[in-house]
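**Student:** So in my numbering, spot 308 of the sequence shown is number 519, and the numbers just go up one at a time.
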Amino acid sequence: MDPKQTIFRTLMFPWLAHGHIFPYLQLAKILSKSNFQIYFCSTAINLDSIKKTLNHDDSNVVPIELIELKLPSLQELPPHYHTTKNIPHHLMPTLMKAFQESSSNFSNIITNLKPDFLIYDSFQPWSAKMASSLGIPCVLFAICGSTTLSFFHHLYTHKTYDSFPYKGIYLHEYEKRDLLVQGESIKFEDIGEGFASGVLELSCEIALTKSYRGIEGKYIDYLSTLCNRRIVPVGPLVVRNQENSDLETIHWLGQKDDFSTLYISFGSENYLSKKQIQEIAKGLELSNANFIWVDRSSSGNENVIEEAFPKGLKDRGKVVKGWANQVEILAHKSVGGFMSHCGWSSITESVYFGVPVMAMPLKLDQPVNSRLVVESGFGVEVIRDEDGEFDGEGVAKAINMLFVGESGEGIRRRVRELSEKMRMEEEEGARGVVEELTRICMKKRGKRGDI
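Following this line, the structure appears as C-alpha cells:
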C-alpha cells in the first residue's frame with residue numbers, strides 16, 4: 212500500500228479556548244493538504260468561529276469536517292459560554308467540569324467515526340484513554356512551548372524547581388504561590404496518574420508541540436528525556452491571512468515612524484486591575500513611544516483605560532476596543548515592541564514578525580515564557596516587587612530598553628535572527644509532522660492486516 216494514496220481519518224480534539232483551537236485548525240489545514248481527512252471536534256460556538264475561517268480558505272485539498280461536541284445542559288453555563296473566550300472568570304471551573312462530563316458524548320463520536328487516530332489536547336487525557344481502549348492510536352498536540360512542559364515535568368519528577376538544569380528558567384516566590392491558587396480551577400478527575408494526569412504518557416511513540424528548535428531546541432530534547440517520547444515540533448503555526456482587516460488601525464500606524472510604536476495586548480482571557488492599568492499609563496507617559504492598546508477590560512466602565520491616561524498621552528496612543536487583528540499589527544513596520552502577557556501564541560507571533568517582546572506575565576505558563584524571552588535575548592521583562600506588583604517607572608525603563616540606544620538595537624537584531632530561523636523551520640515542521648503521523652497510521656494498518 213502506497214501511503215501517498217491512502218487517506219487517514221483523523222479526529223482532532225482541542226480544548227475549548229481559541230488559543231488552542233486555532234493552532235489545531237492550522238495543523239488541520241496542513242494535514243488536509245496531504246492525505247488526511249480531518250474531523251474537527253468542538254462546541255457549537257467555537258465551530259461557528261471556525262466556519263468563518265474555513266469559508267474564506269480554499270487552500271485545503273480535503274475538506275475539514277466539523278463535529279459538534281455537546282456539553283451537559285447547565286443553567287449557569289448557557290451555550291454562549293461553552294468556550295473560554297469572554298467567559299466570566301468565576302465560571303471557568305464550571306466549564307472545565309462540564310467539559311469533562313461531555314466524555315460520554317465524545318465516546319459516541321469516536322465510536323461512530325472510527326478514525327485512524329486521535330490528536331488530543333492537554334486538558335482531556337480521558338479522550339486518549341478512550342481512544343486507546345478502542346485500539347485507536349492517539350497523539351498529544353500541546354499548544355504550549357516545550358520549555359513550559361519540560362519545566363513543569365521536571366517539577367513533577369524531581370519535586371523541586373531548583374534543580375531544573377537550565378538556570379535561565381525559574382519562578383519568583385509570588386509566582387509559585389499564584390500557581391497553587393490558579394491550579395485549583397484546573398482539576399482532572401479519575402483519569403490517570405503521571406505528569407498532568409498522564410497526558411504525555413498516553414501519547415503513542417511521539418508527542419507534538421507548537422515549538423521550534425531555533426529557540427527551544429534544548430528544552431525539546433530535555434522534555435523527550437523526561438517523558439520517554441520523541442517530541443516533534445510542528446513549527447509556529449502562525450495564521451497570516453486573517454479575514455478581518457482593521458483599516459482604521461492600519462491607517463493610524465501608517466502615519467508613524469518605523470519601529471516607533473508599542474503594541475499592548477494581554478490576550479482574550481487576561482484582565483488587568485485598575486491599578487495595573489494606571490501604572491502602565493504612567494510608564495507610557497514617562498517614555499516617548501507611540502502605542503496601540505487593545506482594551507478587553509472586565510470593568511463595567513468601558514473607558515477605564517482612557518481615564519487612566521495623564522493629560523496629553525492620548526495624542527501618542529490609540530485604544531482599540533475588544534478585538535484587534537494582532538497578526539496584521541505585528542507585521543506593520545511601525546511596530547517596534549509588543550507589551551505582552553506572554554501567552555505562547557503571542558510570543559510565537561512576535562518572533563515570527565521580528566517584534567521585540569516587553570514581557571508582563573500574569574499567570575500559569577506565562578512566567579516561564581517570559582523567562583525564555585529574556586534568556587533568548589529577544590525581549591525584556593518588567594521588574595516587579597516581591598508581591599508581583601509593578602510601577603510606572605519600571606514600565607518606562609522596560610520600554611526604553613526596547614526602543615532606545617544600543618540595547619534596543621541589539622534586541623531588534625536578535626529577534627530578526629530568530630524570525631529568519633523560525634520561518635526556515637516552518638516548512639520543515641509541516642513536512643515532519645506529516646511524515647510522523649503517516650508512519651504511525653501505516654504501522655497500525657500493517658498490524659491490522661490492511662496492507
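Glycine residues also receive a C-beta, built at the ideal position from the N, C-alpha and C atoms. Small disclaimer: the values here were computed from a predicted structure and weren't measured.
Whose CA, out of Ala342, Arg424, Ile503, Ser245, lies closest to the CA of Glu637?
**Tutor:** That would be Arg424, whose Cα lies nearest to the Cα of Glu637.
**Student:** For Glu647, which of helix, strand or coil comes out of DSSP?
**Tutor:** Three-state result, Glu647: helix.
**Student:** Let me check understanding here. Comparing Cα to Cα, which of Thr420, Pro447, Gly446 lies closest to Ser435?
**Tutor:** For the residues Thr420, Pro447, Gly446, the minimum Cα distance to Ser435 belongs to Thr420.
**Student:** Less than 7 Å between C-beta atoms, sequence neighbours within five positions excluded: which residues of the same chain meet that for Asp401?
**Tutor:** Note that Asp401 scores 47 on pLDDT, short of 50, meaning its location in the model is unreliable and no value can be drawn from it.
**Student:** Between the Cα of Val546 and those of Thr472, Gln311, Glu647, spot the shortest distance and give me the residue it belongs to.
**Tutor:** When each option's Cα is compared against that of Val546, the closest is Thr472.
**Student:** Just to confirm the assignment: which complete alpha helix (DSSP H) runs, minimum length 4, are found wholly within the region 278-317?
**Tutor:** Entirely contained in the region 278-317, the alpha helix (DSSP H) runs reaching 4 residues are, in chain order, 303-311.
**Student:** Output the distance between the C-alpha atoms of Trp534 and Ile622, rounded to the nearest integer angstrom.
**Tutor:** So the two alpha carbons sit approximately 28 Å from each other.
**Student:** Per the contact definition of three or more C-beta pairs closer than 8 Å, is the region 525-534 in contact with the region 560-573?
**Tutor:** The answer is no - the region 525-534 does not touch the region 560-573, with fewer than three Cβ pairs under 8 Å.
**Student:** If you draw a straight line from the alpha carbon of Ile261 to that of Ser374, how long is it in whole angstroms?
**Tutor:** One C-alpha to the other measures close to 42 Å.
**Student:** In its own chain, which residues sit with a C-beta less than 6 Å from the C-beta of Val645, not counting the 5 before and 5 after it?
**Tutor:** Here the set comprises Ser245.
**Student:** Please state whether DSSP places Lys532 in a helix, a strand or coil.
**Tutor:** Residue state, collapsed to three classes: strand.
**Student:** What residues are listed by DSSP as bridge partners for Gln577?
**Tutor:** Its beta-bridge partners do not exist; DSSP assigns none.
**Student:** Leu351 bridges to which residues according to DSSP?
**Tutor:** Looking at the DSSP assignment, Leu351 forms a beta bridge with Tyr331.
**Student:** Which whole-angstrom value is the C-beta distance of Leu238 and Pro336, which I expect to be below 8 Å?
**Tutor:** The pair is not a contact, with the Cβ atoms about 19 Å apart (cut-off 8 Å).
**Student:** On the DSSP letters alone, give me the boundaries of the alpha helix (DSSP H) that Ser243 sits inside.
**Tutor:** Element bounds for Ser243: 229-243.
**Student:** Does the Cβ-Cβ distance between Leu282 and Ser313 come in under 7 Å?
**Tutor:** Closer than 7 Å, so yes.
**Student:** Whose CA, out of Val568, Pro447, Glu279, lies closest to the CA of Phe477?
**Tutor:** Answer by Cα proximity: Val568.
**Student:** Between which two residues does the beta strand (DSSP E) harbouring Ser253 extend?
**Tutor:** Start and end: 247-253.
**Student:** So the alpha helix (DSSP H) Asn611 belongs to, where does it begin and stop?
**Tutor:** 603-614 is the extent of the alpha helix (DSSP H) around Asn611.
**Student:** Could you work out which residue in Ala570, Phe219, Gln487 is closest to Ser587 when comparing CA atoms only?
**Tutor:** Nearest option by C-alpha distance: Ala570.
**Student:** Give the DSSP bridge partners of Asp506, in chain order.
**Tutor:** In DSSP, Asp506 forms a bridge with Lys532.
**Student:** Rounded to whole angstroms, what is the Cα-Cα separation between Leu382 and Gly643?
**Tutor:** Computed Cα separation, rounded: 33 Å.
**Student:** Find out if the Cβ-Cβ distance for the pair Ile491, Val606 is shorter than 7 Å.
**Tutor:** Yes, they are a contact pair.
**Student:** Can you tell which of His231, Thr254, Thr264, Thr221 has its C-alpha closest to the C-alpha of Phe247?
**Tutor:** Of His231, Thr254, Thr264, Thr221, the residue nearest in Cα terms is Thr221.
**Student:** For the alpha helix (DSSP H) that contains Ile431, what are its first and last residues?
**Tutor:** 424-438 is the span of the alpha helix (DSSP H), which, as asked, contains Ile431.
**Student:** According to DSSP, is Leu541 part of a helix, a strand, or is it coil?
**Tutor:** Reduced to three states, the DSSP call for Leu541 is helix.
**Student:** So is Tyr367 buried or exposed if we call it buried at 16+ other beta carbons inside 10 Å?
**Tutor:** Looking at its Cβ environment, which holds fewer than 16 other Cβ atoms inside 10 Å, Tyr367 is exposed.
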